[in-house]
Structures are given as C-alpha cells and as structure tokens.
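Residue numbers (this note's numbering), protein chains in the order written: chain A, 178 to 302; chain B, 178 to 302. Backbone N, C-alpha and C define an ideal beta-carbon position, used for all residues, glycine too.
There are 2 protein chains.
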Amino acid sequence: MKQGRNTTAKTEILKLINQSDVALSHAEIQLSLEGLCDRVTIYRVLDRLTEEGRIHRIVNIDGGVKYASCTGCSAVHQHSHIHFSCQKCKSVTCMEGIEPAFSLPAAYQISEVNFTVSGLCPQCA
Amino acid sequence: MKQGRNTTAKTEILKLINQSDVALSHAEIQLSLEGLCDRVTIYRVLDRLTEEGRIHRIVNIDGGVKYASCTGCSAVHQHSHIHFSCQKCKSVTCMEGIEPAFSLPAAYQISEVNFTVSGLCPQCA
DNA sequence: AATGTAATTGCAACAATGTTGCACTAAAGA
DNA sequence: TCTTTAGTGCAACATTGTTGCAATTACATT
Ligand SMILES: [Mn+2]
Ligand SMILES: [Mn+2]
Ligand SMILES: [Zn+2]
Ligand SMILES: [Zn+2]
Numbered sequence: 178m179k180q181g182r183n184t185t186a187k188t189e190i191l192k193l194i195n196q197s198d199v200a201l202s203h204a205e206i207q208l209s210l211e212g213l214c215d216r217v218t219i220y221r222v223l224d225r226l227t228e229e230g231r232i233h234r235i236v237n238i239d240g241g242v243k244y245a246s247c248t249g250c251s252a253v254h255q256h257s258h259i260h261f262s263c264q265k266c267k268s269v270t271c272m273e274g275i276e277p278a279f280s281l282p283a284a285y286q287i288s289e290v291n292f293t294v295s296g297l298c299p300q301c302a
Numbered sequence: 178m179k180q181g182r183n184t185t186a187k188t189e190i191l192k193l194i195n196q197s198d199v200a201l202s203h204a205e206i207q208l209s210l211e212g213l214c215d216r217v218t219i220y221r222v223l224d225r226l227t228e229e230g231r232i233h234r235i236v237n238i239d240g241g242v243k244y245a246s247c248t249g250c251s252a253v254h255q256h257s258h259i260h261f262s263c264q265k266c267k268s269v270t271c272m273e274g275i276e277p278a279f280s281l282p283a284a285y286q287i288s289e290v291n292f293t294v295s296g297l298c299p300q301c302a
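Here's what the structure looks like:
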C-alpha cells in the first residue's frame with residue numbers, strides 16, 4: 178500500500194474517478210482525458226491506483242471492467258459491497274454499505290468477493 | 178427456450194460441460210475438442226446452449242468467462258448461486274444451493290445476479 | 001427414402017481489451 | 001542542482017469475441 182509518484186496522468190485519472198458517481202471504464206476515462214496520455218499509461222495508472230488502494234476494480238456482469246473510488250475504506254480496505262449494473266443506461270454503481278450475507282464450507286479460504294446485480298436502475302425503471 | 182438443431186459440435190460441447198465438475202472456458206473447450214470445429218462455432222454453440230438454458234455463463238472475478246452445466250434448474254431457470262474461483266488452481270466451481278442474501282432499495286429492478294468469491298479451494302488451501 | 005428449407009458452420013476479416021519490451025522522461029529525495 | 005529510478009510513449013503482440021457471407025447439414029415434410 179505504499180504511495181507512488183504523483184504524475185499528471187495519475188492526478189487527472191484519480192480526479193475523474195473521484196468526481197464520478199458511477200464507475201468508469203478504461204475507454205470512458207480515455208475519452209475524458211482527450212489525449213492527455215497514452216492508453217497504455219491509463220492501464221498502468223489504473224493498476225497502480227488499485228494497488229495503492231485509492232480505487233477499486235469492478236468486473237461487470239458482462240465481463241467489462243470499471244473502476245470506482247474507494248470511499249469508506251478508511252481503516253480496512255475491503256470491497257464486499259454490491260455493484261448494481263443497469264442494463265439500459267449501462268451505469269455501474271457502488272451500493273455502499275449493502276453487503277450480501279453468505280456462508281461457504283469452512284474448507285474454502287475466502288480472500289476476495291465480486292457481487293454484481295443487474296437490472297434497471299431507479300432512473301431507467 | 179426453444180430447442181435448436183442437434184449438431185456434432187453442440188453435442189460434444191454439451192457433453193464436455195456436463196461431464197466436468199468445474200466450469201470451462203472457451204479456450205479449454207477448444208483444446209479438448211482438438212479441432213472438431215472452428216473456434217467461432219464454439220462461441221456460437223456456447224451462446225445457443227446458454228440461450229436454450231442447458232448451460233449457464235459465469236463471469237469470473239478476473240473478467241474471464243466460463244460455462245457450467247445447469248443442474249437443479251428443473252422448474253425455474255435461475256442462477257443466483259455463488260461461484261468459487263480458486264486463485265491457485267484457477268478452477269471455478271458452482272456452489273449449488275448456496276445463495277447470498279441481500280436487499281436493495283425498492284427502486285432497483287433486479288433481473289440477473291453474478292456472485293463470485295475468490296480464494297483457495299479445499300484442494301489448494 | 002428423397003427433397004426443401006432454414007439453421008448451422010467455416011473462413012476471413014475485424015474490433016475491443018489488455019500486455020510487454022525498451023528507450024526516453026521526469027518526480028522527488030539527497 | 002544532481003541522481004536515481006518510477007513512470008511514460010510507442011510499437012508490437014496476445015486474447016477474446018463479433019460479423020458477413022457462401023457452403024453445408026439437420027430434420028420436417030413429402
Ligand atoms: Mn464498489
Ligand atoms: Mn453456476
Ligand atoms: Zn439505468
Ligand atoms: Zn484450487
């Protein structure tokens with residue numbers, strides 16, 4: 178969880194993600210950035226920000242990847258909340274605080290969770 | 178949910194998936210098939226089988242896609258069970274019967290769910 | 001069993017997404 | 001300011017999935 182260098186690309190990408198109320202894909206970020214940096218750099222910055230615990234990676238129900246800010250990750254860095262994926266407007270939203278309850282046989286060692294619910298968001302329903 | 182034609186490719190692919198105790202990826206299926214048909218055909222057969230409700234599609238925690246048979250989908254075709262993804266042996270297993278409990282605000286219309294738990298499976302732990 | 005038709009297939013071409021190697025650039029500690 | 005090395009751009013590549021179209025084949029009907 179050590180901090181890396183603060184570059185223009187990193188600053189701008191983090192700002193974009195933090196200011197958005199929905200999760201953003203690499204493609205969406207690249208569009209917003211308007212050529213500020215190379216697409217490879219965006220991939221690397223997203224990896225780094227995830228590594229540093231500033232953002233978290235979301236695998237959507239269609240397999241696409243999006244990134245969202247890490248609000249409420251003050252003490253422990255954990256993301257077991259639900260992500261809602263709207264089939265109409267394609268938005269992916271972090272349902273902060275809503276965590277599913279489940280239990281697996283003790284033989285399974287859990288280290289990560291990805292829970293996506295898909296359907297229609299309040300705006301599209 | 179109507180049945181399509183029964184071709185060699187469809188029969189073999191379904192057999193592979195049904196006989197496997199873990200979910201299979203397109204690449205794994207193509208390997209097992211040893212050139213029985215084109216890779217495009219595999220994609221199309223997998224789509225068709227999913228459409229027909231014979232198998233179900235699993236989006237893994239890393240974004241990869243796998244397919245598993247539909248056991249226990251007798252009456253209603255539903256797949257809200259958990260999928261366990263082992264970080265070591267890379268296997269994805271359907272945890273039949275284990276469904277997470279959660280609740281979203283009423284404004285959200287739910288139609289599909291994908292829940293993946295990642296960690297170490299009993300064999301690898 | 002032979003026939004007709006539409007579903008299915010193979011192939012080539014394309015698109016989207018992500019990764020890697022390497023030379024060059026620049027952040028930040030000394 | 002200098003030095004070190006993390007970060008970047010670019011080109012090249014890999015993987016995964018999609019599409020159009022002509023050729024094939026399952027199977028319902030004769
Ligand atoms: Mn989230
Ligand atoms: Mn399953
Ligand atoms: Zn929506
Ligand atoms: Zn394992």
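Heavy atom of ligand 4 within 7 angstroms of residue i beta-carbon
{"i": "Gln300/A", "result": "no"}
{"i": "Lys265/B", "result": "yes"}
Neighbourhood of residue i by C-beta distance below 8 angstroms, restricted to the same chain and skipping five residues each side
{"i": "Pro277/A", "result": "Ser257, Ile259, Phe292"}
{"i": "Cys298/A", "result": "Phe261, Cys263, Lys265, Cys266, Ser268, Thr270"}
{"i": "Leu226/A", "result": "Lys187, Ile190, Leu191, Ile194, Ile232, Tyr244"}
{"i": "Leu281/A", "result": "Ile287"}
{"i": "Ile275/B", "result": "His258, Ile259"}
Interface partners of residue i on chain B, CB under 9 angstroms
{"i": "Glu289/A", "result": "Ile238, Ser262, Gln264, Thr293, Val294, Ser295, Gly296"}
Close beta carbons around residue i, own chain, < 6 angstroms, minus the five adjacent residues each side
{"i": "Ala186/A", "result": "Cys214, Thr218, Val222"}
{"i": "Ser209/B", "result": "Leu193"}
{"i": "Val294/B", "result": "Ile259, Phe261"}
{"i": "Met272/A", "result": "His258, Ile259, Phe261"}
Contacts that residue i makes with chain B (C-beta to C-beta distance below 7 angstroms)
{"i": "Gln286/A", "result": "Gly296, Leu297, Ala302"}
{"i": "Val242/A", "result": "Gly240"}
Buried or exposed (CB count within 10 angstroms, at least 16 for buried), residue i
{"i": "Asn237/A", "result": "buried"}
{"i": "Arg182/A", "result": "exposed"}
{"i": "Gly296/A", "result": "buried"}
{"i": "Arg216/B", "result": "exposed"}
{"i": "Ala302/A", "result": "exposed"}
{"i": "Ile305/A", "result": "Nothing about residue 305/A can be read from this structure; chain A reaches only from 178 to 302."}
{"i": "Tyr220/B", "result": "exposed"}
{"i": "Leu191/A", "result": "buried"}
{"i": "Ala200/B", "result": "buried"}
Collapsed DSSP secondary structure at residue i in the structure displayed
{"i": "Val290/A", "result": "strand"}
{"i": "Ser197/B", "result": "coil"}
{"i": "Ile206/B", "result": "helix"}
{"i": "Tyr285/B", "result": "coil"}
{"i": "Leu213/A", "result": "coil"}
{"i": "Thr248/B", "result": "coil"}
{"i": "Ile219/B", "result": "helix"}
{"i": "Thr185/A", "result": "helix"}
{"i": "Arg231/B", "result": "coil"}
{"i": "Lys267/A", "result": "coil"}
{"i": "Lys243/B", "result": "strand"}
{"i": "Ile190/A", "result": "helix"}
Partner residues on chain B for residue i, Cβ-Cβ distance less than 8 angstroms
{"i": "Ile235/A", "result": "Correct list: empty, because the minimum Cβ distance to chain B is about 10 angstroms."}
{"i": "Ala278/A", "result": "Pro277, Ala278, Phe279"}
Ligand 2 heavy atom lying under 7 angstroms from the CB of residue i
{"i": "His233/A", "result": "no"}
{"i": "Cys271/B", "result": "yes"}
{"i": "Ala284/A", "result": "no"}
{"i": "Ala245/B", "result": "yes"}
Amino acids of chain A, ordered along the chain, whose beta-carbon sits closer than 9 angstroms to that of residue i
{"i": "Ala186/B", "result": "Per Cβ cutoff of 9 angstroms: no residues; Ala186/B is ~23 angstroms from chain A at best."}
Same chain only: Cβ atoms within 7 angstroms of residue i, ignoring 5 sequence neighbours per side
{"i": "Gly241/B", "result": "Ser202"}
{"i": "Ser246/B", "result": "Ile194, Asn195, Ile232"}
{"i": "Gln300/A", "result": "Cys266"}
Residue i: contacting residues in chain A (beta-carbon distance under 7 angstroms)
{"i": "Ile232/B", "result": "Ordered by position in chain A, no residue passes the 7 angstroms Cβ test against Ile232/B, which lies about 16 angstroms from the chain."}
Beta-carbon neighbours of residue i, restricted to chain A and to distances below 8 angstroms
{"i": "Ile259/B", "result": "Phe279, Leu281"}
Distance cut-off 7 angstroms: residue i Cβ against heavy atoms of ligand 3
{"i": "Ser262/A", "result": "no"}
{"i": "Leu297/A", "result": "yes"}
Check: residue i C-beta below 7 angstroms from any heavy atom of ligand 1
{"i": "His258/A", "result": "yes"}
Any non-hydrogen atom of ligand 5 within 7 angstroms of residue i CB
{"i": "Ser268/A", "result": "Looking for ligand 5 in the displayed structure turns up nothing; the ligands present are ligand 1, ligand 2, ligand 3 and ligand 4."}
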